[in-house]
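Student: Residue 2 is where the sequence shown starts when you use our numbering, and the numbers rise one by one after that.
All C-beta atoms, glycine included, are put in the ideal place defined by N, C-alpha and C.
Keep in mind it's a predicted model, so treat the numbers as computed, not measured.
Next up is a structure, given as C-alpha cells.
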Amino acid sequence: MIAEKEIAEKFTQGFDCAMVVLGEVAEDLGIEQEEAYRLASCFGVGMMQGSICGAVSAAFIAIGYKYGNTKPNDVSQKNLVLAKREEFIEEFTNEFGDISCPGLVKLDLRIPEEMEKARERKILSEFCPKVCLRSTNLIKTILE
C-alpha cells in the first residue's frame, strides 16, 4: 500500500491525483499501471476546470471499469455500478465534505495566483496526498 509520502513524491515527479490513485488500483482491476496512468491522465486537478477532484474521478473510473454495464438494458448492472459510486461518494464526503477540487482545497487552481497560494499552503504536497490515500483505500474496499 502506498503512503502519503510516496504520493507526494509522485506529485513532484509530475503525476497528478487521478493518475496516482488509478495507478495504485491498477492491479486490482487487472490492468497495467501504465495503462491506468493513461486512462487517468486528463482527470487530475479537477480536470483543470474547477470540477470533480481527480482522486474522485479515478475512483469512478475504477468502479466503472469493474462494475459498469456493457449492455444498455442491463438495469441490474447499472444499479450495481451506481450503488458502488454512491457508496464511494458517501464515504468520501463524510470525511472531506465535498468531491470537487475547489470545494476540497478552497481555491480555484485554474487561477495562477490561487495555484501559488496552494503551493504556499502546501495543499498539493500535504493535503492532496491525504485525499489520494483515502480515495485509494476506499476504492480498494469497494473493489473487493
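1) Can you confirm whether the segment 37-47 touches the segment 17-25 when touching is taken to mean that 3 or more C-beta pairs between the two stretches lie within less than 8 Å?
2) For a minimum of 3 consecutive residues, which ranges assigned as the beta strand (DSSP E) are wholly contained in the segment 57-103?
3) Quick check: the Cα distance between Gln14 and Ala41, rounded to an integer number of angstroms?
4) Distance, Cα to Cα, Ser52 vs Ile90?
5) Does DSSP put Ile53 in a helix, in a strand, or in coil?
6) Work out the CA separation of Glu92 and Lys131 for me, nearest whole Å.
7) Do you know how far the Cα of Glu28 is from the Cα of Glu127?
8) Tell me which residues share the same chain as Met116 and place their Cβ nearer than 6 Å to its Cβ, disregarding the 5 neighbours each side in the sequence.
9) Apart from the five residues on each side of it in sequence, which residues of its chain come closer than 7 Å, Cβ to Cβ, to Ile8?
10) Between Ile140 and Ala63, is the Cβ-Cβ spacing less than 9 Å?
Tutor: On the basis of the data shown:
1) yes
2) none
3) 16 Å
4) 15 Å
5) strand
6) 14 Å
7) 26 Å
8) Leu110
9) Val21, Pro130, Cys133 and Leu134
10) yes
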